[in-house]
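Chemist: For the sequence shown, the working numbering assigns the number -17 to the initial residue and increments by one for each residue that follows.
Cβ atoms here follow ideal geometry from the backbone N, Cα and C, with glycine treated the same way.
Encoded as structure tokens, here's the structure I'll be asking about.
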Amino acid sequence: MADPTGESKSEALRLNFDRRLLLQFRGSAITSDGGLLAYRELDDVLGLTTSGGDRLSETRTGKNGRHRLAGLLRQSVFGRLAGYEDVNDADTLCRDPAMRWVVGDRAITGFAASASQMGRFETKWLCRSENLAALGDLPGQWIDKVQQRRAPKMIVLDMDSSESPTYGEQEGSAYNGHFGCTCYHPLFVFNQFGDVERCVLRSGNVHSAADWRTVLEPVVARYRGLVKRLYFRGDAAFANPEMYEYLEAEGIGYAIRLPANRVLQERVGYLLKRPVGRPPHEVRRYYASFSYRAQSWNKSRHVVAKVEWHPGELYPRVGFIVSNLPRSPEGTVAFYNQRGTAEQWIKEGKGAIKWTRLSCRTFAANAARLQLHALAYNLGNFMRTLAMPETAEPWSLTSLREKLIKIGAKVVSHGRYVTFQMAEVAVPREMFADILSLIARLRAPPAPA
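Right, here's the structure in full:
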């Protein structure tokens, strides 16, 4: 039976290649996630999980509330940030000294929440309708706290869908012909900093633009009157007249890819003829802009076309964008092309945070898990955009986890202090000190006496 403190009762292990080496396992005195403490400092400065816990509805009664909701929320978010995407890891993680200090309160001198406690928290308490609604609002509320320190003059919103493959009879999963798998089909809205503004879990067989109002309207409402300019970008899935009319009514500038049709092709027919002379060795691009009105539209709108002739290809590549931006065709295309970064952020969420790990049986539980993954992603992105020195700015969330979070540390307790003796490998002391200094600058000034 394992020792309850996480220490091994067995003797040290020996290695035969050199008998002078001994291996000891001291789970409660050693952590492999020492860098989580920097994220906990950022969390404290911005007041994220504390305010998040206050917005959740307490459903426990009697004396079964060993850990506060804010502590349980921290364990869920920080665990995912460190790569523990499954609550099964909680039985080991609850003894980890870094996680115990992250959770705080009773966990510091005892244990963090066990797998059974975390399972009830994520699949029962958070699945209540009021808590699911609160979780859906938390990413935006966290972003509002960040923007109090980094007030943007404009906001660019990128909307895109993704797939989360399912394996088993999970409620709401369905086969999606576009992705070629049985999956869920979540919808995301990002801002230009890479933060998840809002997301929603959907059944696997819905259209890519389904429920776009449910996701976009609360985000627009938060920014209404707070920023000077608001922009929107979307791929061809969001090319529908209801979307255009909504964005125009809200005064939002947009650039949305428009599916090609015969009428549009005829409007740029003069650009679709192969250029005279020898085929060039470089890509040749041509632009056009014109007014166009589809039968389902209530008015004519501005359309930009881009035609590319690539070496070795018989036919040109043609793309159309519907937009209300007062920009040149080249500028409109350049603005739209930047939405490709949203696809990279989705890949980061899949790779670094594992937000495709939606393995619960019920749809509500998986919806709650997606929101927890989004919160973990945002916390990681806040660290990257707010508190990383210039030398570490290019790091991805995966690099941040492997280099900053996964710092081994030995815990030494004294009468007045607890010391984490951090290993200096990828992140030396000087860089860690710079990170803490940047975090300290974000702390709100004290209220006047």
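Alpha carbon to alpha carbon, how far is His292 from Leu420? Give it in angstroms, no decimals.
Modeler: In the sequence shown, counting from the first residue as 1, residue 420 sits at position 438. In the sequence shown, counting from the first residue as 1, residue 292 sits at position 310. The alpha-carbon atoms of Leu420 and His292 are separated by roughly 46 Å.
Chemist: Are the CB atoms of Pro388 and Gly17 nearer to each other than 8 Å?
Modeler: Counting from one through the sequence shown, the residue named residue 388 turns up at place 406. Counting from one through the sequence shown, the residue named residue 17 turns up at place 35. Checking the displayed sequence, the identity of residue 388 turns out to be Lys instead of Pro. Yes.
Chemist: Pick out the complete alpha helix (DSSP H) segments inside the region 199 to 250, 4 residues or longer, and give them in chain order.
Modeler: Listed in chain order, the complete alpha helix (DSSP H) runs (minimum 4 residues) inside the region 199 to 250 are 223 to 231, 244 to 249.
Chemist: How many angstroms separate the CA atom of Arg191 from the CA atom of Glu264?
Modeler: By one-based count along the sequence shown, residue 191 stands at place 209. By one-based count along the sequence shown, residue 264 stands at place 282. The residue you asked about is not Arg; residue 191 is Ala in the sequence shown. Between Ala191 and Glu264, the C-alpha separation is close to 36 Å.
Chemist: Report back the beta-carbon spacing between Leu253 and Tyr274 to the nearest angstrom; my notes put them in contact at under 8 Å.
Modeler: Residue mapping note: residue 253 aligns to position 271 of the sequence shown, counting from 1. Residue mapping note: residue 274 aligns to position 292 of the sequence shown, counting from 1. 15 Å between Cβ atoms; not a contact.
Chemist: Could you tell me whether the Cβ atoms of Thr41 and Arg110 are closer together than 8 Å?
Modeler: Here residue 41 is taken as the residue at index 59 of the sequence shown, counted from 1. Here residue 110 is taken as the residue at index 128 of the sequence shown, counted from 1. Taking 8 Å as the Cβ cut-off, Thr41 and Arg110 qualify as a contacting pair.
Chemist: Going straight from the alpha carbon of Ala242 to that of Ala218, what length do you get?
Modeler: Locating residue 242 in the sequence shown gives position 260, where the first residue counts as 1. Locating residue 218 in the sequence shown gives position 236, where the first residue counts as 1. About 10 Å.
Chemist: By a C-beta neighbour count over all protein chains shown, 10 Å radius and 16 as the cutoff for buried, is Gly118 buried or exposed?
Modeler: Residue numbering aside, residue 118 sits at position 136 when the sequence shown is read from its first letter. It is buried - the Cβ of Gly118 has at least 16 other Cβ atoms within 10 Å.
Chemist: In chain order, what residues of the same chain lie with their CB nearer than 6 Å to the CB of Gly216, ignoring the 5 residues before and after it?
Modeler: Start at 1 with the first residue of the sequence shown, and residue 216 comes out as number 234. The residues are Met141, Ile238.
Chemist: Take the Cβ of Asn173 as the centre, count every other Cβ of all protein chains shown within 10 Å, and call the residue buried at 16 or more, exposed below.
Modeler: Residue numbering aside, residue 173 sits at position 191 when the sequence shown is read from its first letter. So Asn173 ends up on the buried side.
Chemist: Can you look up Gln403 in the DSSP assignment and give me helix, strand or coil?
Modeler: Indexing the sequence shown from 1 puts residue 403 at position 421. Reduced to three states, the DSSP call for Gln403 is strand.
Chemist: Whole angstroms are fine: how far does the CA of Val394 sit from the CA of Phe7?
Modeler: The residue you call residue 7 lines up with position 25 of the sequence shown. The residue you call residue 394 lines up with position 412 of the sequence shown. Between Phe7 and Val394, the C-alpha separation is close to 15 Å.
Chemist: Please work out which residues of its chain come closer than 7 Å, Cβ to Cβ, to Thr32, disregarding the five sequence neighbours upstream and downstream, and give them in chain order.
Modeler: The residue labelled residue 32 in the question sits at position 50 within the sequence shown. So the list reads Ala52, once near-sequence residues are dropped.
Chemist: In whole angstroms, give me the CA-to-CA distance for Ser378 and Arg351.
Modeler: Translated into positions along the sequence shown, residue 378 becomes position 396. Translated into positions along the sequence shown, residue 351 becomes position 369. Distance between the alpha carbons of Ser378 and Arg351: 22 Å.
Chemist: Please state if the CB of Val69 and the CB of Glu104 are separated by a distance shorter than 8 Å.
Modeler: Within the sequence shown, residue 104 is the residue found at index 122, counting from 1. Within the sequence shown, residue 69 is the residue found at index 87, counting from 1. Yes.
Chemist: How would you write the range of the beta strand (DSSP E) that Val459 sits in, first residue to last?
Modeler: Residue 459 cannot be examined here, being either before or after the span of the chain that is shown, -17 to 431.
Chemist: Per DSSP, what kind of secondary structure is Tyr149 in: helix, strand or coil?
Modeler: Residue numbering aside, residue 149 sits at position 167 when the sequence shown is read from its first letter. The answer is coil: DSSP assigns Tyr149 none of H, G, I, E or B.
Chemist: Where do the ends of the beta strand (DSSP E) carrying Thr164 lie?
Modeler: For the purposes of this step, residue 164 is taken as the residue at position 182 of the sequence shown. Looking at the DSSP string, the run of the beta strand (DSSP E) that includes Thr164 is 163 to 166.
Chemist: Buried or exposed, going by whether 16 or more other CB atoms sit within 10 Å of the CB of Tyr166?
Modeler: Translated into the one-based positions of the sequence shown, residue 166 becomes position 184. Tyr166 comes out buried.
Chemist: Which partner residues does Arg256 have in the DSSP bridge list?
Modeler: As a first step, residue 256 is located in the sequence shown; it is residue number 274 there, counting from the start. BP columns for Arg256 are empty, so no partner.
Chemist: Who are the near neighbours of Thr344 in its chain, counting only those whose CB is closer than 6 Å to its CB and skipping five residues on each side?
Modeler: Here residue 344 corresponds to residue number 362 of the sequence shown, with the count starting at 1. Glu153.
Chemist: Rank Val304, Cys76, Arg184, Asp36 by C-alpha distance to the C-alpha of Ile436 and give the top, closest one.
Modeler: No information on residue 436 is available, as it lies outside the stretch -17 to 431 that the chain covers here.
Chemist: Per DSSP, what kind of secondary structure is Tyr359 in: helix, strand or coil?
Modeler: Here residue 359 refers to the residue found at position 377 when the sequence shown is read from its first residue. Here Tyr359 sits in helix by DSSP.
Chemist: Run through DSSP, which three-state label would Asp(-15) get?
Modeler: Position 3 of the sequence shown holds residue -15. Caution is warranted here: a pLDDT of 48 is assigned to Asp(-15), below 50, making its placement in the model unreliable, and the coordinate value is therefore given only provisionally. Note: Asp(-15) maps to coil in three-state DSSP.
Chemist: For Leu309, does the three-state DSSP call read helix, strand or coil?
Modeler: Here the question's residue 309 lines up with position 327 in the sequence shown. Position check: residue 309 holds Arg in this sequence, whereas Leu was assumed. Coil.
Chemist: Please state if the CB of Leu169 and the CB of Asp193 are separated by a distance shorter than 8 Å.
Modeler: Counting from 1 along the sequence shown, the entry for residue 193 is found at position 211. Counting from 1 along the sequence shown, the entry for residue 169 is found at position 187. Their beta carbons are under 8 Å apart, which means Asp193 touches Leu169 by this criterion.
Chemist: My output table needs one value for Ile389: the three-state DSSP class, helix, strand or coil.
Modeler: Here residue 389 refers to the residue found at position 407 when the sequence shown is read from its first residue. DSSP places Ile389 in coil when its eight states are reduced to three.
Chemist: Tell me which residue opens and which closes the alpha helix (DSSP H) that Ala52 is part of.
Modeler: Position 70 of the sequence shown holds residue 52. Start and end: 51 to 63.
Chemist: Give me, in chain order, the residues of the same chain whose beta-carbon lies closer than 6 Å to that of Thr13; leave out the 5 immediate sequence neighbours on both sides.
Modeler: Within the sequence shown, numbered from 1, the residue matching residue 13 stands at position 31. Closer than 6 Å at the Cβ level, and outside the excluded window around Thr13, lie Asp78, Pro79, Ala80, Ala391.
Chemist: If you follow the beta strand (DSSP E) that Phe170 is in, where does it begin and where does it stop?
Modeler: Within the sequence shown, numbered from 1, the residue matching residue 170 stands at position 188. Its beta strand (DSSP E) spans residues 169 to 172.
Chemist: Which partner residues does Thr13 have in the DSSP bridge list?
Modeler: Here residue 13 refers to the residue found at position 31 when the sequence shown is read from its first residue. Beta-bridge pairing links Thr13 to Ala391.
Chemist: If you draw a straight line from the C-alpha of Leu368 to the C-alpha of Glu232, how long is it?
Modeler: By 1-based counting over the sequence shown, the position of residue 368 is 386. By 1-based counting over the sequence shown, the position of residue 232 is 250. Computed Cα separation, rounded: 30 Å.
Chemist: Taking just the CA atoms, how far does Tyr213 sit from Ala405?
Modeler: The sequence position of residue 405 within the sequence shown is 423, counting from 1. The sequence position of residue 213 within the sequence shown is 231, counting from 1. Taking the straight line joining both Cα atoms gives about 44 Å.
Chemist: Under the rule that 16 or more other beta-carbon atoms within 10 Å means buried, what is Asn363, buried or exposed?
Modeler: Taking the first residue of the sequence shown as position 1, residue 363 is located at position 381. Buried, because 16 or more other Cβ atoms sit within 10 Å of the Cβ of Asn363.
Chemist: List the residues that DSSP assigns as beta-bridge partners of Arg267.
Modeler: If you number the sequence shown from 1, residue 267 lands on position 285. Note: Arg267 sits in a beta bridge opposite Glu290.
Chemist: Of all the alpha helix (DSSP H) runs that stay within the bounds of the region 83 to 163, which reach a length of 4 or more residues?
Modeler: Complete alpha helix (DSSP H) runs here, min 4: 97 to 102, 111 to 129.
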